[in-house]
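What follows is one structure encoded as structure tokens, with my remarks underneath.
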Amino acid sequence: MALKHFGWFLGAGFGVQGWGDPTYKVGYDWTQPTIYQDAARLFEGSGLDLFVIEDGVAVPDTYRGTAEVNLAAARFVPKHDPIPLVPYLLGATARIGIVPTLSASFTEPYTAARLLATLQHFAHGRLGYNVVTSGSDLAARNYGLDKQTEHDLRYDRADEWVDVVKALWRSWEPGAVLEDTAAGVYADHTKVHPIHHEGRFFTVRGPLNALPPAEEPVMVQAGASGRGRTFAGRHADVILALASTPERMKAHRDDIRQVAAEQGRDPDDLTVLFVVNPIPTATAAEAADVRARRAELTGAAIDEQLQSISYLTNVDFARFDLDAPLPELTTNSNQGTLDNFVRSAPAGATLREILAARAKADGLAVVGTPSQIADRLGDLAEGSEADGFLFTGQVHPAHVHRTLDPLVPALRDAGLLRAQLGDGGLRANLADF
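Take the sequence shown: its letter number 409 is residue 408 in numbering that gives the first Met the number 0, and every next letter is one higher.
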């Protein structure tokens, strides 16, 4: 099998780690950088290319119109800003890419360009940034808006946002810094230029007053809707994708590569990674038992699934009858997520049938012995031509060790996982194969 790229997606963000795990202990301090540093070191030693940290800026209360479920389960909240965590992770590692999330909806491009330039100097080429467009009305209200901007318009704004950020990074020409002590000239003013951007959404004079990075950070994006894929295909270096079968994975990868080609880019410059949740077991019998328990549609399991999809789509699924077909649904939030959820079962399926189909398919989970998981990921990659996978889960120490300790040797034995990262930075590691 051919080598593939791997990473870790911290879907909980810089939030509570390990809640609900049997090993969780009261007083376990997720607010400190130590556990994230320990996890990053383990990821790096395992040969993972990048560590992506999700973010959000609201306390969810879509499900049943209350934040009770989220706060009780520590699901999506509380959550701290991942940006201040980045230097700690960079200081604890030497080769892995560190990728915090930034909202193009709520972060001004000048602020983003300056912040990311600063961090990339610390990172020596290992920084990435995951761009989101923040579909939550709750988040919008925290930034002075009555509701979030219309879906496609958010991506129009994000297109311009990326263009401005990159223009600011390029507002200093190569060779602008002279450090000529004899002449008393640090930088050549003829090589530092205002960008004079006047667009539909932003007016930015420039130039950037921070020293631009020698190598621009790697851009990561997960747009799944048609408009989101167009945005990702135009700008992103790494695509985060969700799909449960090789056929859907291949269709997604082919589509995003086609979009990139239509934008004048080389599709091979994109790295498409699919999110999976590996669950290693000691034996095949144990794996079968885990699958059976995960497929049980208990009240708690139903509640957890409906709460999560409600948060991600801004649609309160508590208002629908479990045993009636879902009505036609639209959202101004994550359209791709809603579409993937509804299409989990045939047209006309009830909500309970959709949940049962997702449980039967096991969603993003890949359960089995380490060798079985390695074989499954190899088959998925071969059938879809995927560039690799992002493991998802909290970074509670017990979880990352019980996942990676048995799985890394199996992936290497299968020829899927590299033995060691290169030291040329994130972009260079992604270009290795």
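Just so you know, even glycine gets a beta-carbon here, dropped at the ideal spot from N, CA and C.
Just the C-alpha distance for His-251 and Ala-221, rounded to the nearest angstrom, thanks. Our two residues, His-251 and Ala-221, have alpha carbons roughly 11 Å apart in a direct line.
Assigned secondary structure, Pro-211 (DSSP; H/G/I helix, E/B strand, else coil): coil
Mind checking which residues open and close the beta strand (DSSP E) that includes Asn-276? Asn-276 -> beta strand (DSSP E) spans 270-279.
Could you spell out where the beta strand (DSSP E) holding Glu-178 opens and where it closes? 176-179
Rounded C-beta distance between Ala-240 and Phe-273? I'm assuming under 8 Å. So it is a contact: roughly 5 Å between Cβ atoms.
Where do the N-terminal and C-terminal ends of the beta strand (DSSP E) with Gly-96 fall, by residue? 96-102
Hey, could you find the ends of the beta strand (DSSP E) Phe-42 is sitting in? Where Phe-42 is concerned, there is no enclosing beta strand (DSSP E), although the alpha helix (DSSP H) it sits in stretches over 33-45.
With a threshold of 8 Å on Cβ separation, who are the neighbours of Glu-214 within its own chain once the five nearest residues in sequence on each side are excluded? Once the five neighbours on either side are set aside, the close Cβ partners of Glu-214 are Gln-119, Gly-124, Gly-424, Arg-426.
Run of the alpha helix (DSSP H) containing Gln-257, from where it starts to where it stops: 245-261
Could you check what DSSP says for Ile-194 in three-state terms: helix, strand or coil? Correct three-state label for Ile-194: coil.
Taking the beta strand (DSSP E) that Ala-66 belongs to, which residues open and close that run? Careful: Ala-66 lies outside any beta strand (DSSP E) and carries neither H nor E.
Can you tell me whether Val-341 is helix, strand or coil according to DSSP? helix
For Phe-390: DSSP bridge partner residues: Trp-7, Val-275
Go ahead and pull the three-state DSSP assignment for Leu-403. helix
Can you tell me where the beta strand (DSSP E) holding Tyr-62 begins and where it ends? Here Tyr-62 belongs to no beta strand (DSSP E), and DSSP marks it neither H nor E.
Apply the 10 Å Cβ neighbour rule to Glu-67 and answer buried if 16 or more other Cβ atoms are within range, or exposed otherwise. exposed
Could you check how far apart the C-beta atoms of Lys-165 and Ala-175 are, in whole angstroms? I think they sit under 8 Å. At roughly 17 Å, the Cβ-Cβ gap does not stay under 8 Å, so Lys-165 and Ala-175 are not in contact.
Across which residues does DSSP place Gly-14 in a beta bridge pair? Paired residues: Lys-78.
What are the boundary residues of the beta strand (DSSP E) that includes Gly-367? 364-367
Put Asn-129 into one of helix, strand or coil per three-state DSSP. The answer is strand: DSSP assigns Asn-129 an E or B state.
Please classify Pro-369 as buried or exposed, where buried requires at least 16 other C-beta atoms within 10 Å of its C-beta. buried
Could you tell me the distance, in whole angstroms, from the CA atom of Val-131 to the CA atom of Ala-181? 47 Å
Within a Cβ cutoff of 7 Å, which residues of the same chain sit near Pro-405, ignoring the five residues on either side of it in sequence? Pro-279, Pro-369
For Leu-101 and Asn-208, the rounded distance between their alpha carbons: 20 Å
Beta-carbon contacts of Arg-318 that lie in its chain and below 6 Å, excluding the five residues immediately before and after: none
Please report the Cβ distance between Thr-349 and Ala-323, rounded to the nearest whole angstrom; I am assuming they are in contact, meaning their Cβ atoms lie under 8 Å. 6 Å
Return yes when the Cβ of Ala-93 is within less than 8 Å of the Cβ of Trp-18, no when it is not. No, the Cβ-Cβ distance between Trp-18 and Ala-93 is not below 8 Å.
Just mark Gly-335 as buried or exposed, buried being the case when its beta carbon has 16 or more other beta carbons within 10 Å. buried
Which one of Phe-201, Pro-83, Ala-300, Leu-305 has the shortest CA to CA distance from Ala-103? Phe-201
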